[in-house]
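Residue numbers (our numbering), protein chains in the order written: chain C, 332 to 847; chain G, 332 to 847. Glycine included, every Cβ here is placed at the ideal spot set by N, Cα and C.
Number of protein chains: 2
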Amino acid sequence: MNIYNLPCTMYKFYLSLHQNFLRTMATELKDLTKRSDDYSKWYNELVVKADLAEQSDVRGCMVIKPYGYAIWEKMQQNLDRMFKETGVQNAYFPLLIPKSFLSREAEHVEGFAKECAVVTHYRLKTNDTHDGVVVDPAARLEEELIIRPTSETIIWNTYKNWINSYRDLPILCNQWCNVMRWEMRTRLFLRTSEFLWQEGHTAHATREEAEDRAKMMLKVYADFAERYMAVPVIQGVKSETERFAGALDTYTIEAMMQDGKALQSGTSHFLGQNFGRAFDVTFLNRDNKPEYAWATSWGVSTRLMGALIMTHSDDNGLVLPPALAPLQVVIIPIGKNDQMSMLDEKADVIVNNLRAMGISVKYDNADNKRPGFKFADYELKGVPVRLVLGARDLEHGMVEIMRRDTLEKQNLPVEGIEEYIKQLLNDIQQNIYQKAVAFRDAHIYECDNYDEFKERIKDGGFFLCHWDGTAETEAKIKEDTQATIRCVPYAFEQTPGIDMVSGKPSVARVLIARAY
Amino acid sequence: MNIYNLPCTMYKFYLSLHQNFLRTMATELKDLTKRSDDYSKWYNELVVKADLAEQSDVRGCMVIKPYGYAIWEKMQQNLDRMFKETGVQNAYFPLLIPKSFLSREAEHVEGFAKECAVVTHYRLKTNDTHDGVVVDPAARLEEELIIRPTSETIIWNTYKNWINSYRDLPILCNQWCNVMRWEMRTRLFLRTSEFLWQEGHTAHATREEAEDRAKMMLKVYADFAERYMAVPVIQGVKSETERFAGALDTYTIEAMMQDGKALQSGTSHFLGQNFGRAFDVTFLNRDNKPEYAWATSWGVSTRLMGALIMTHSDDNGLVLPPALAPLQVVIIPIGKNDQMSMLDEKADVIVNNLRAMGISVKYDNADNKRPGFKFADYELKGVPVRLVLGARDLEHGMVEIMRRDTLEKQNLPVEGIEEYIKQLLNDIQQNIYQKAVAFRDAHIYECDNYDEFKERIKDGGFFLCHWDGTAETEAKIKEDTQATIRCVPYAFEQTPGIDMVSGKPSVARVLIARAY
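Below, the structure written as structure tokens:
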């Protein structure tokens with residue numbers, strides 16, 4: 332039987348059977364655990380199978396593969412532009428920090444200095460048996476160097492030389508770099524010993540300006556998360572316990588994953604004069620009096636990749652927002668050998684039109700992979716729109732278009748398909764955002780009863796509860812339920828109430844959740 | 332005397348006196364050593380005074396300041412695009428490399444393993460007196476980790492899992508990252524313990540394809556150097572002695588600095604099957620037989636910043652090629668207070684027009700710095716074009732335009748100045764390239780007499796000399812003169828001759844120079 336000689340409807344029916352068969356095959360190839368079976372395993376598998384990242388042979392350090400890195404690059408490009416629009420400039424500071432710097436800011440060292448990679452020597456030598464290398468004991472450093480876990484210390488040590496007068500302020504620097512915090516239990520993107528991030532470090536002449544900057548950068552993060560990642564976030568301020576080491580205030584954006592857990596996705600810190608004082612960074616203010624400089628720092632990391640993956644993806648694989656998808660549209664031809672040149676020609680026109688509209692597109696006419704395999708692979712990789720150019724469909728001026736977010740297929744006229752795709756990409760971006768908002772909003776609860784809270788927190792979700800403001804209550808909640816106070820949310824009308832744990836008065840509800 | 336009431340020509344004369352006075356003041360501010368007095372000191376001062384970079388308190392590690400980093404970003408953007416146009420994708424591999432990896436490729440360890448930062452511990456703890464931190468002796472790593480001096484080992488250890496069949500090849504990965512090679516004597520950008528670079532690592536099914544890739548990437552580097560940096564380079568292949576550790580062939584681009592010394596500006600290595608063998612990376616070839624994968628690696632680093640600075644700059648400061656200048660045009664107003672709003676308005680139009688043409692421009696109407704100070708500062712920073720909006724000039728529809736490369740000034744009608752600027756930026760780009768070519772060509776000599784060579788090499792320059800191909804001769808030249816064989820140049824018609832040192836037959840002339 333030559334399926335291409337069948338009437339159009341039968342051909343399509345056959346094709347759909349055939350595609351289902353191929354999809355089954357390909358699905359086995361990808362063999363992804365279902366979210367409902369094991370959310371955590373689903374995530375771990377997805378990251379690897381979708382070619383985003385993998386564990387390296389170096390404990391706790393990941394390899395970010397080209398497809399994963401391409402998403403990260405799109406995040407970087409957009410964030411970088413958004414930072415620059417607020418006057419921030421990029422710079423680069425040393426990877427290694429003298430050990431003594433870490434103890435300069437007392438609170439900071441408590442929070443950070445413990446688990447980090449320590450460089451003690453600067454030379455290897457050939458071993459006695461001449462088949463390997465050993466550390467040269469003669470090449471011991473006088474003072475050990477730490478691989479930066481974050482760069483406040485080395486940067487404020489540098490700013491000291493840059494700042495003399497209020498005229499030198501503000502300084503608005505950012506760096507894109509790698510950092511290292513030794514982690515015992517690691518998960519790709521979510522918690523790795525080495526990760527990539529950006530860290531902004533600003534110095535200001537007044538407290539107010541620094542506080543405004545810290546809040547401004549949180550706003551940039553929230554905008555980025557919502558507009559580009561399509562991840563709704565709750566903005567708020569951390570409790571004292573959860574603050575960054577050395578900060579007077581830590582602002583945070585918290586996103587809800589599909590298992591109802593919170594993922595802290597970005598933080599911005601108002602550091603007061605702590606680092607100015609620790610590194611003796613003074614300036615002459617407008618009254619010609621010396622004053623310590625005011626500081627902020629703020630960062631997002633490759634952890635955002637985890638937020639992106641866990642917010643939208645499904646049991647078929649990744650679902651990527653068009654704004655960050657390395658590839659927005661894939662076109663796959665289906666036809667006999669002698670039809671391929673016609674299909675190639677047609678595809679060429681569509682590809683050029685889409686590219687001219689700024690849409691990234693790949694025409695995959697590789698003949699060593701079957702269409703069903705390609706379908707499953709691009710689904711797994713979350714390409715937002717798939718166009719199937721079927722030879723028979725095209726004879727009738729039609730193409731099949733599938734949107735990855737809903738997996739809905741449509742047959743549409745090929746004429747004008749480019750405009751349709753442009754609109755569809757916008758729709759997908761909006762739809763996955765709205766879907767995430769709806770999911771999140773359906774899993775936010777006000778709760779005033781601690782027993783009820785303890786029961787319901789097991790199923791995940793964000794809880795808005797009254798809190799008496801004490802670290803003791805906070806610790807008890809964490810001990811009883813593993814949940815933590817994620818933040819005091821900004822955009823929430825607050826009324827006083829009673830702490831659900833202690834029964835003491837509370838001025839505001841806080842957001843409590845189990846978190847990554 | 333109010334100069335604004337003087338007749339136009341007198342006003343200009345006065346203004347020019349005044350500007351000269353201000354320039355003298357500002358020149359003292361910048362106080363740059365002359366190239367002819369001490370080229371090396373001139374370079375060191377320029378890097379710091381032009382706000383490109385500075386030494387950090389961490390031995391051998393630099394801080395790249397925002398202005399310097401902005402140039403590096405422009406280099407990255409263009410190189411990155413050029414790499415991607417050849418099919419390369421970005422990825423990220425771990426910073427730390429297990430010590431044992433380094434001894435896997437025997438030649439590689441000889442060349443690299445010795446001077447590097449060694450991580451031996453992963454935790455600090457508070458000291459006994461509770462006023463600092465010490466390394467926790469309990470947290471000693473079983474196997475020491477090395478901060479990557481280059482990533483062939485960790486990457487080929489990863490590729491092992493990516494490659495099974497010729498269908499998985501080629502793999503064309505690049506990473507932008509930091510690397511570390513412990514250096515005893517460092518110079519900003521030219522030789523620092525930590526530096527930023529890109530390293531491409533490709534794997535291929537055939538020797539030919541790998542060799543072609545290595546040569547292709549050298550071509551990309553040469554194109555970038557010449558078209559963007561306006562730095563002419565000589566492409567060639569290294570002698571065995573000067574090859575990368577583990578390479579079968581190292582291709583190089585060599586640029587001539589204004590002191591006649593060579594700066595190796597980029598290298599591309601054909602690695603044969605050395606890393607495939609060392610890390611057991613085999614694939615089934617088209618005949619279904621296992622074969623070791625063929626490799627290349629190639630890199631350029633922040634050293635390019637050194638090449639850029641030293642090729643074009645002069646005693647007044649940086650001269651930047653418009654293609655890489657963070658700021659291509661600066662507009663400075665000169666007028667009385669009541670004229671400023673008119674000047675601001677006029678500037679606004681020009682700024683918008685230039686931006687619409689894709690030209691980066693800054694209007695500097697800051698009133699806390701005098702025009703002369705601004706002039707000197709933008710000269711120091713190498714901004715290619717300066718426009719002075721003088722209130723009086725503008726009344727006659729004229730502006731003053733200065734090109735940084737020649738310091739030539741012209742008075743031109745403000746009408747149509749944008750088009751003129753666009754053309755001028757192209758002219759500057761071409762002019763500084765041609766100037767560098769002319770300088771380089773005037774300092775390349777054929778030389779067949781060793782005594783003459785030894786005398787003339789003292790003044791710098793590139794020497795094309797016959798070489799018998801032995802490491803002994805190479806070593807003797809180096810010992811006698813500190814000069815090294817930079818490469819066997821590609822684009823040079825070769826005729827056999829006699830080695831100037833040994834008197835033995837030679838098949839080709841090589842390029843010999845003292846080098847950075």
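Min CB distance residue i to chain G below 8 Å
i: Ile829 (chain C); result: no
i: Tyr847 (chain C); result: no
i: Phe424 (chain C); result: yes
i: Trp513 (chain C); result: yes
i: Asn699 (chain C); result: yes
i: Asp388 (chain C); result: yes
i: Gln825 (chain C); result: no
i: Pro468 (chain C); result: no
i: Asn616 (chain C); result: no
i: Tyr709 (chain C); result: no
Residue i: first and last residue of the uninterrupted beta strand (DSSP E) it sits in
i: Met729 (chain C); result: Met729 to Arg734
i: Lys835 (chain C); result: Careful: Lys835 (chain C) lies outside any beta strand (DSSP E) and carries neither H nor E.
i: Ser632 (chain C); result: Trp625 to Ser632
i: Ile478 (chain G); result: Arg471 to Ile478
i: Ser431 (chain C); result: First-last for Ser431 (chain C): Lys430 to Leu433, but that is the alpha helix (DSSP H), not the beta strand (DSSP E).
i: Glu586 (chain C); result: Note on residue identity: the sequence assigns Ala, not Glu, to residue 586 (chain C). First-last of the beta strand (DSSP E) with Ala586 (chain C): Asp580 to Met587.
Beta-carbon separation (whole angstroms), residue i vs residue j, contact threshold 8 Å
i: Ala534 (chain C); j: Tyr490 (chain C); result: 5 Å
i: Leu639 (chain C); j: Ile584 (chain C); result: Incorrect: roughly 13 Å between the Cβ atoms, too far for contact.
i: Pro657 (chain G); j: Ser691 (chain G); result: 7 Å
i: Gly442 (chain C); j: Gln529 (chain C); result: Going by Cβ atoms, the distance from Gly442 (chain C) to Gln529 (chain C) rounds to 20 Å, so no, they are not a contact pair.
i: Val730 (chain G); j: Leu738 (chain G); result: Going by Cβ atoms, the distance from Val730 (chain G) to Leu738 (chain G) rounds to 17 Å, so no, they are not a contact pair.
i: Ala637 (chain G); j: Leu711 (chain G); result: Here residue 637 (chain G) is Gly; the residue named in the question, Ala, does not match the sequence. 17 Å between Cβ atoms; not a contact.
i: Ile788 (chain G); j: Ile816 (chain G); result: The Cβ separation is near 12 Å, so there is no contact.
8 Å Cβ shell around residue i - same chain, five flanking residues per side excluded
i: Asn315 (chain G); result: Chain G is shown only over 332 to 847; residue 315 (chain G) falls outside these bounds and no answer can be derived.
i: Val394 (chain G); result: Ala384, Glu385, Gln386 and Ser387
i: Gly728 (chain C); result: Pro744, Val745 and Glu746
i: Asn780 (chain G); result: Met831
Residue range of the unbroken alpha helix (DSSP H) whose run includes residue i
i: Ile486 (chain G); result: Glu483 to Trp493
i: Asn762 (chain C); result: Ile748 to Ala773
i: Asn375 (chain C); result: Tyr370 to Lys380
i: Val551 (chain C); result: Arg538 to Arg558
i: Gln393 (chain G); result: This sequence places Met at residue 393 (chain G); Gln is not what is there. Note, Met393 (chain G): premise wrong, no alpha helix (DSSP H); beta strand (DSSP E) at Met393 to Ile395.
i: Lys705 (chain C); result: Pro702 to Leu711
i: Met673 (chain G); result: Met671 to Ala687
i: Ile808 (chain G); result: Ala802 to Thr812
Below-8 Å beta-carbon distance, residue i vs any chain C residue
i: Ile402 (chain G); result: no
i: Pro702 (chain G); result: no
i: Val394 (chain G); result: yes
i: Arg498 (chain G); result: yes
i: Asp449 (chain G); result: What sits at residue 449 (chain G) in the sequence shown is Val, not Asp. So, interface residue.
i: Met413 (chain G); result: no
i: Lys430 (chain G); result: yes
i: Asn336 (chain G); result: Caution is warranted here: a pLDDT of 46 is assigned to Asn336 (chain G), below 50, making its placement in the model unreliable, and the coordinate value is therefore given only provisionally. So, not an interface residue.
i: Cys504 (chain G); result: yes
Chain-order list of residues whose beta-carbon lies under 6 Å from that of residue i (same chain, five-residue window excluded)
i: Glu777 (chain G); result: Leu795
i: Lys835 (chain C); result: Asp799
i: Val841 (chain G); result: Trp798, Ile816 and Val819
i: Tyr694 (chain G); result: Ile662, Ala678 and Val682
Sequence-distant residues of its chain with Cβ nearer than 7 Å to residue i (five each side left out)
i: Val449 (chain G); result: Glu475 and Ile477
i: Trp373 (chain G); result: Leu363, Thr364, Lys365 and Arg366
i: Val564 (chain C); result: Ala553, Ala556, Glu557, Ile584, Glu585, Ala586 and Ser596
i: Arg354 (chain G); result: Low local confidence applies: a pLDDT of 48 at Arg354 (chain G) is under 50, so the model's placement there is unreliable, and no value is given.
i: Thr812 (chain C); result: Lys785 and Ile788
**Q.** Any 3 or more C-beta pairs closer than 8 Å across the stretch 510-528 of chain G and the stretch 560-574 of chain G
**A.** no
Q. Do the stretch 601-611 of chain C and the stretch 478-489 of chain C meet, that is, are 3 or more Cβ pairs less than 8 Å apart?
A. yes
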